[in-house]
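Count along the sequence shown from 1, then add 135; that gives the number in this note's numbering.
Yeah, the Cβ is synthetic: ideal placement off N, Cα and C, and Gly gets one too.
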Amino acid sequence: YTIQDLEHVILSMAESDIFMETELLHYYRQFHPIAVWLEANLKISTRECNQYFWHGLPHSVQRAIDRCLQLKDPSYTQNEVPDYEKVLEAGQFTLLDDMFDPD
Numbered sequence: 136y137t138i139q140d141l142e143h144v145i146l147s148m149a150e151s152d153i154f155m156e157t158e159l160l161h162y163y164r165q166f167h168p169i170a171v172w173l174e175a176n177l178k179i180s181t182r183e184c185n186q187y188f189w190h191g192l193p194h195s196v197q198r199a200i201d202r203c204l205q206l207k208d209p210s211y212t213q214n215e216v217p218d219y220e221k222v223l224e225a226g227q228f229t230l231l232d233d234m235f236d237p238d
C-alpha cells in the first residue's frame, strides 16, 4: 500500500456523500486496511491516520460527530483530530440507518 492508495479512498469518499451508517462503514472498510498497513510500516503516524480519516468525511458529518463526541466526553476538544475509531463509533450512532424507521 501507498499513501496515494489512502488518498484515493479519501478523495473518492469526499466526492460522495455519507448519509447513512452503511456508507460510513463502507468508507471505514476501504480506509482501515490501508491505514493500518501504512501505520504499521511507519509510513504515516497515528495522528496522520486520524487526520486522513477525518478529512474524508463531509463537513456536515464532521459537525454531527463533533457534537456526539462532545456529549459523550466532556473533556473532548476540537483542537485535535479525534481517533478514527472513536469517530467511527460516534458516526455509527449519529448516522443510524434505521433511526427513524417505524419498523
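C-beta contact flag for residue i and residue j at 7 angstroms
i	j	result
Q227	E156	yes
W189	V171	no
M148	Y162	yes
I200	A225	yes
Y187	L146	no
I179	Y136	no
Inter-residue CB distance, residue i and residue j (contact presumed, cutoff 8 angstroms)
i	j	result
D152	N185	Between N185 and D152 the Cβ distance is about 22 angstroms, and since that is not below 8 angstroms, they are no contact.
V196	Q165	Rounded, the Cβ-Cβ distance is 16 angstroms, inconsistent with contact.
L159	L231	Not confirmed; about 10 angstroms, so no contact.
Under the three-state DSSP convention, the category residue i falls into
i	result
N214	coil
L187	Before going further, note that residue 187 is Tyr rather than Leu in the sequence given. The answer is helix: DSSP assigns Y187 an H, G or I state.
Continuous alpha helix (DSSP H) stretch holding residue i: start and end
i	result
T157	156-175
S195	194-207
I153	Careful: I153 lies outside any alpha helix (DSSP H) and carries neither H nor E.
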